[in-house]
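Structure first, commentary second.
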Amino acid sequence: MYRSSFGPRAYHPPPPHNRPSSLPPIFHFVWLGKEASPPTDMSASWAHYHPRHKIIHWRGDRVKALIHRQFPQLLPIFNGTSSCPWLQSIVARVTILAAIGGVYLDYDLEACGSLERFAYPSASCILVANAKPLWGESKIKRGIMASRPAHPFLLAAIDAMTTFKKPITSYTSKDAQKLREVLKKVLANHRSSVTVVSDAVLVDFGSFMPMHKMAIGVFRSPPSHHWEKWYHKLYRKYHVFCKENPAAGRMLTYFFMGMVTGIVMNLIVILVLNAVNNKRRSKGKHPI
14 MYRSSFGPRA
24 YHPPPPHNRP
34 SSLPPIFHFV
44 WLGKEASPPT
54 DMSASWAHYH
64 PRHKIIHWRG
74 DRVKALIHRQ
84 FPQLLPIFNG
94 TSSCPWLQSI
104 VARVTILAAI
114 GGVYLDYDLE
124 ACGSLERFAY
134 PSASCILVAN
144 AKPLWGESKI
154 KRGIMASRPA
164 HPFLLAAIDA
174 MTTFKKPITS
184 YTSKDAQKLR
194 EVLKKVLANH
204 RSSVTVVSDA
214 VLVDFGSFMP
224 MHKMAIGVFR
234 SPPSHHWEKW
244 YHKLYRKYHV
254 FCKENPAAGR
264 MLTYFFMGMV
274 TGIVMNLIVI
284 LVLNAVNNKR
294 RSKGKHPI
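In our numbering, the protein residues as written are 14 to 301.
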């Protein structure tokens, strides 16, 4: 039985639509880390809201077999990015969607609704972009993407990635940056055939970002749990408490804000007094 890690949440079934989607009803989850399994696995939440969808879990050997069978020209870059699982995963998800189609999802994305609620029946390739990034320009989210098999954008991305013959051993290397720029250009050239959806429609921001308004979300994107510290867990519990008890949550928030403001004001007064006393001592006067 699946239980949400973010507390209770009202769920409204999706409205029916008469236009079938061209996307295969398959969810793909890829894990290429050193550990045998991901530290956070939310795939059960997607099965809970999509009982008719097939779920495929991909590991390194299975991905390599698919690449060898469908796109052998990608083997050099797949093997060359083994020390950078993040880049290797990009190669894997593009290959999987180009060969089989469906929806790729990161393991730490938790479903809190059905994707059919925001169906785009005419779309053959769907990407999700940040609606209101905290800084910089809006960027494509790599944690979720969907496509039919053999979409021109994915095939063009595969052709672009085959030009990288040398191993990419660092996320910050010039080759890694070049790969990201090449994929951006491929997307720009195929923008007319790709549907880019705002994450303001799909993401439930309220679960971990109080600066955003709550959206009628399809999935939640929590902090990466493999590096989550005790204060991250405490904050998530605090946020669930505020959602379940709005009045008490506001009072608790005001209390914390007042406490932090008082501490900051005291520190400012101490720093000013220290600066004044140091100046008085330098002139031979008694400190305040």
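Using N, Cα and C, we set each Cβ at its ideal position, and we do this for glycine too. Remember, it's a predicted structure, so these values are computed and weren't measured experimentally.
- Could you tell me whether the region 38 to 46 touches the region 67 to 79, using the rule of 3 or more Cβ pairs below 8 Å? yes
- Task: Go through its chain and collect everything with a Cβ distance to residue 266's Cβ below 6 Å, but skip five positions before and after it.
- Result: Locating residue 266 in the sequence shown gives position 253, counting from the first residue. Residues of the same chain with a CB within less than 6 Å of the CB of residue 266, apart from the 5 flanking positions on each side, do not exist.
- Tell whether a beta-carbon distance below 8 Å holds between residue 173 and residue 195. Along the sequence shown, one-based indexing puts residue 173 at 160. Along the sequence shown, one-based indexing puts residue 195 at 182. Going by C-beta atoms, residue 173 is nearer than 8 Å to residue 195.
- Query: If we count the other Cβ atoms within 10 Å of its Cβ and call it buried at 16 or more, is residue 107 buried or exposed?
  - Reply: As a first step, residue 107 is located in the sequence shown; it is residue number 94 there, counting from the start. Buried is the label assigned to residue 107, since at least 16 other Cβ atoms lie within 10 Å of its Cβ.
- Message: If I measure Cβ to Cβ from residue 87 and keep anything under 8 Å in the same chain, skipping five residues before and after, which residues do I get?
- Response: In the sequence shown, the residue the question calls residue 87 occupies position 74. Once the five neighbours on either side are set aside, the close Cβ partners of residue 87 are 80, 104, 108, 171, 174 and 175.
- Query: When you compare each of 113, 122, 141 and 284 to residue 38 by their alpha carbons, which one comes out closest?
  - Reply: Here residue 38 refers to the residue found at position 25 when the sequence shown is read from its first residue. Taking only the C-alpha atoms, the option nearest residue 38 is 113.
- Is the CB of residue 265 under 8 Å away from at least one CB in chain C? Absent here is chain C; the protein component of the structure consists of one chain.
- residue 282: buried (16+ other C-beta within 10 angstroms of its C-beta) or exposed? For the purposes of this step, residue 282 is identified with residue 269 of the sequence shown, where counting begins at 1. It counts as exposed.
- Quick one: what does DSSP say residue 208 is sitting in, helix, strand or coil? Translated into the one-based positions of the sequence shown, residue 208 becomes position 195. Looking at residue 208 - three-state DSSP - the assignment turns out to be strand.
- With distances taken from CA atoms, which of 82, 183 and 102 is nearest residue 158? In the sequence shown, the residue the question calls residue 158 occupies position 145. That would be 102, whose Cα lies nearest to the Cα of residue 158.
- Task: Kindly list the residues whose CB is nearer than 8 Å to the CB of residue 84, restricted to its own chain and excluding five residues on each side of it in sequence; keep chain order.
- Result: On the sequence shown, position 71 is the one that residue 84 refers to. The answer, listed in chain order, is 108, 111, 112 and 171.
- Looking only at DSSP bridge pairs, what is residue 71 linked to? As a working note, residue 71 is residue 58 in the sequence shown. Looking at the DSSP assignment, residue 71 forms a beta bridge with 43.
- Message: Our contact map puts residue 154 next to residue 142 with C-beta atoms below 8 Å; I'd like the distance itself, whole angstroms only.
- Response: Within the sequence shown, the letter at position 141 stands for residue 154. Within the sequence shown, the letter at position 129 stands for residue 142. That pair is a contact at about 7 Å.
- Beta-bridge pairing of residue 117 - partner residues as DSSP gives them: Position 104 of the sequence shown, counted from the first residue, corresponds to residue 117. DSSP, once it has assigned bridges, lists 41 and 158 as partnering residue 117.
- Item | Straight-line gap, residue 298 to residue 284 (C-alpha atoms, nearest Å) | Numbered from its first residue, the sequence shown carries residue 298 at position 285. Numbered from its first residue, the sequence shown carries residue 284 at position 271. Cα to Cα, residue 298 sits roughly 19 Å from residue 284.
- Item | Secondary structure of residue 140, DSSP reduced to three states | Position 127 of the sequence shown, counting from 1, holds the residue named residue 140. The three-state reading of DSSP puts residue 140 in strand, counting E and B together.
- Report the three-state DSSP secondary structure of residue 181 (helix, strand or coil). Residue numbering aside, residue 181 sits at position 168 when the sequence shown is read from its first letter. Three-state DSSP puts residue 181 in coil, outside helix and strand.
- Message: Pop quiz: residue 55 and residue 120 are said to be a contact at Cβ under 8 Å. What is the actual Cβ separation, rounded to whole angstroms?
- Response: Taking the sequence shown and counting its residues from 1, one reaches residue 55 at position 42. Taking the sequence shown and counting its residues from 1, one reaches residue 120 at position 107. Residue 55 to residue 120, Cβ: 6 Å. Contact.
- Query: Beta carbon of residue 65: closer than 7 Å to some heavy atom of the ligand SAM?
  - Reply: In the structure on display, the ligand SAM does not appear, and there are no ligands present to speak of.
- Item | C-alpha distance - residue 61 paired with residue 128, whole-angstrom precision | Here residue 61 refers to the residue found at position 48 of the sequence shown. Here residue 128 refers to the residue found at position 115 of the sequence shown. Cα to Cα, residue 61 sits roughly 12 Å from residue 128.
- Message: Output needed for residue 98: all residues of its chain with C-beta closer than 6 Å, excluding positions within five of it in sequence on either side, in chain order.
- Response: Here residue 98 corresponds to residue number 85 of the sequence shown, with the count starting at 1. Here the set comprises 45 and 46.
- Which residues bound the alpha helix (DSSP H) around residue 106? Locating residue 106 in the sequence shown gives position 93, counting from the first residue. First-last of the alpha helix (DSSP H) with residue 106: 98 to 112.
- Task: Would you decide whether residue 230 is buried or exposed? Buried here means 16 or more other CB atoms lie within 10 Å of its CB.
- Result: Residue numbering aside, residue 230 sits at position 217 when the sequence shown is read from its first letter. Caution is warranted here: a pLDDT of 46 is assigned to residue 230, below 50, making its placement in the model unreliable, and the coordinate value is therefore given only provisionally. With 16 or more other Cβ atoms within 10 Å, it is buried.
- Using alpha carbons as the reference points, say which of 122, 273 and 167 lies closest to residue 203. The residue labelled residue 203 in the question sits at position 190 within the sequence shown. Sorting 122, 273 and 167 by C-alpha distance to the C-alpha of residue 203 places 167 at the top.
- Message: Quick check: the Cα distance between residue 187 and residue 89, rounded to an integer number of angstroms?
- Response: As a working mapping, residue 187 is identified with position 174 in the sequence shown. As a working mapping, residue 89 is identified with position 76 in the sequence shown. Between residue 187 and residue 89, the C-alpha separation is close to 18 Å.
- Message: Here's the rule I'm using: 16 or more other beta-carbon atoms within 10 Å means buried, otherwise exposed. How should residue 192 be labelled?
- Response: The residue you call residue 192 lines up with position 179 of the sequence shown. Counting Cβ neighbours within 10 Å, residue 192 comes out buried, since at least 16 surround it.
- From 126, 51, 36 and 74, residue whose alpha carbon lies closest to that of residue 58: Here residue 58 is taken as the residue at index 45 of the sequence shown, counted from 1. When each option's Cα is compared against that of residue 58, the closest is 126.
- Cut-off 8 Å between Cβ atoms - residues of its own chain near residue 199, not counting five sequence neighbours on either side: Stepping through the sequence shown from its first residue, residue 199 is reached at position 186. Excluding sequence neighbours, residue 199 sits near 166, 169, 170 and 173.
- Message: residue 93 and residue 152 - do their beta-carbons sit closer together than 8 Å?
- Response: In the sequence shown, residue 152 corresponds to position 139, counting from 1. In the sequence shown, residue 93 corresponds to position 80, counting from 1. Taking 8 Å as the Cβ cut-off, residue 152 and residue 93 do not qualify as a contacting pair.
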